[in-house]
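Beneath this line is the structure, given in structure tokens, with notes to follow.
Residue numbers (the numbering used here): 48 to 565.
Put into structure tokens, the structure is as follows:
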């Protein structure tokens, strides 16, 4: 203990000596004081900017201001606390709490700097400010201890009451309805996997039931599976003389393609392989249709650009563990390995090839693309192999977004409730796009009423198409009679799930600093 005391005493002595030398030089002292104040102002502005940006962009994305109430309650105490602390340092060099805030800010800048490289500059400035605060800052309270104690207790109580508004609002909104969505008509498609593992024969009875229900079909074909092509021909023949609307979702086994790697969620070699496969698959679709009396105008061909299950698990594991370093590093690595210009060229070539055949077309995309669409700039969307510019310029595209409740619930360690369908379908409705819903038979859809409610919510929010996964699961569960999915519900209440809001907020926050991403 004596050695520790000795070293600590020397350390304090050196600090006092350095402080005295700096204060003797008024110019240097003023420069350091104003520089540190500027860092505190910068941190305050950045924190308030990203918080306000999230609330504002969520509203632009179609969500009600009520959805952002928790983040607003989070901002309110910051609007009071942060400027007050900055002012207290500027006027009296109060350093105790400011030192802690700058330390926390430095940690966050470090955690996010792998993706937002501009934060490296912020980190350096904060480390500099920490040093100045430690040397020149006043850590002892001004005035009498009793007066400071009374004032401190009062401020502590006020700030804690303000801080409690955030968790209380999350809890209340999760237990009480925040919206009532009225039912509307929408195009409902039942997905039909064409691989051998879950294949269902298109019997006349089944086709009649589907036609009676008014559902469309979304035929899922693996472009590299010969059996799938045979099954596709069977289903198209079976529906050719009916009024059933048919779309084809072409997918590929990403793990079998050149460029696939467990070390990253995407790279250019993988994207080239995907587009090459889809161009080949498009030719086969054209040849198949030409052999039967099938109108191209009646067919919608979409291309699956979503992550594989393994890639999605990798993507979500950092969210589950609140691992900002791992998450931002993964995104940065993916962005560094792709070329947006080349992706745009491949995307344009594929869409032009489809247009030449006068087929309707679109993509199936990850949900975070909807958040990238808010400010019309391409940021994380190229991870899906497409660009925002193309999605906006080709307004004829019939895109759907994968917002399966089962998928999100597994990725977030628990049922995300109906709010996932509500939140994303509000945004999808703005862009006249559809969504993918499922999976029937999963524990989050233990009864037909749950999925019916989600369908009503999505339809009521204006999504153009609802693709439900999937027909084999629908037929294999007695609690899900095919005709039972016909919606006769007038409307559905929606409760809040902050995990979904926070997930979207992460991408919006990243997008808010796109100028610092370089």
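Yeah, the Cβ is synthetic: ideal placement off N, Cα and C, and Gly gets one too.
The beta-carbon separation of residue 435 and residue 424, rounded to 6 angstroms, stays under the 8 angstroms limit for a contact. Annotation: the continuous alpha helix (DSSP H) that includes residue 322 extends over 315-337. Look at residue 284 here: in three-state DSSP terms it is helix. The beta-carbon separation of residue 100 and residue 555, rounded to 7 angstroms, stays under the 8 angstroms limit for a contact. In this structure, the straight-line span from the alpha carbon of residue 250 to that of residue 97 is close to 55 angstroms. For the options 169, 494, 298 and 348, the alpha carbon positioned closest to that of residue 150 is the one of 169.
Around residue 325, the same chain offers 270, 297, 299, 350 and 397 as residues with beta carbons nearer than 8 angstroms, after the five sequence neighbours per side are excluded. In the structure shown, residue 265 adopts extended strand secondary structure according to DSSP, grouped into three states. The beta carbon of residue 104 sits closer than 6 angstroms to the beta carbons of 421 and 555 from its chain, once the five residues preceding and following it are set aside; these are given in chain order.
Partner residues in the beta bridge of residue 240, as assigned by DSSP, are 267.
The beta carbon of residue 384 sits closer than 8 angstroms to those of 311, 313, 314 and 315, all from its chain and outside the five residues before and after it, given in chain order. The straight-line gap separating the alpha-carbon atoms of residue 135 and residue 108 is approximately 38 angstroms.
Excluding sequence positions up to five before and after residue 473, its CB lies within less than 6 angstroms of the CB of 109, 110 and 508, all in the same chain and listed in chain order. Taken atom to atom, the span from the alpha-carbon of residue 346 to that of residue 119 is near 46 angstroms.
For residue 295, the enclosing beta strand (DSSP E) has its first and last residue at 293-298. By the C-beta density criterion, residue 360 is exposed, having fewer than 16 other C-beta atoms within 10 angstroms.
For residue 317, same chain residues with a beta-carbon under 8 angstroms away, outside a window of 5 residues either side, are 301, 304, 305, 306, 307 and 308 in chain order. The count of Cβ pairs closer than 8 angstroms, one atom from the stretch 218-226 and one from the stretch 533-545, reaches three, so the stretches are in contact. Per DSSP, the unbroken beta strand (DSSP E) holding residue 448 starts and ends at 447-449. Fewer than three beta-carbon pairs drawn from the stretch 138-146 and the stretch 58-71 are found closer than 8 angstroms, and the two stretches are therefore not classed as touching. For residue 400, the enclosing alpha helix (DSSP H) starts and ends at 387-403. In this structure, residue 236 sits away from residue 408, with a CB-CB distance that is not shorter than 8 angstroms.
Around the Cβ of residue 337, a 10 Å sphere holds fewer than 16 other Cβ atoms; the residue is exposed. Here the stretch 77-94 makes no contact with the stretch 441-460; the two share fewer than three CB pairs at distances below 8 angstroms. For the 8 angstroms CB-CB criterion, residue 516 and residue 486 form a contact.
Residue burial annotation: residue 471 is buried, with at least 16 other C-beta atoms found within 10 angstroms of its C-beta. Residue 328 has its alpha-carbon roughly 10 angstroms from the corresponding atom of residue 268. Rounded to the nearest angstrom, the Cβ distance from residue 266 to residue 295 is 5 angstroms, consistent with a contact under 8 angstroms.
With a 10 Å radius around the Cβ and a threshold of 16 neighbouring Cβ atoms, residue 520 comes out buried. Here residue 357 is exposed, its C-beta having fewer than 16 other C-beta atoms within 10 Å. With fewer than 16 other Cβ atoms from the protein chains shown falling within 10 Å of its own Cβ, residue 443 counts as exposed. Here DSSP, grouped into helix, strand and coil, assigns residue 411 to strand. According to DSSP, residue 436 shares a beta bridge with no other residue.
Taking the Cβ atoms as the reference, residue 510 lies roughly 7 angstroms from residue 480, within the contact range of under 8 angstroms. The Cβ atoms of residue 564 and residue 164 sit closer than 8 angstroms to each other.
Between residue 372 and residue 158 a beta carbon distance of about 5 angstroms is seen, short of the 8 angstroms cut, so the two are scored as contacting.
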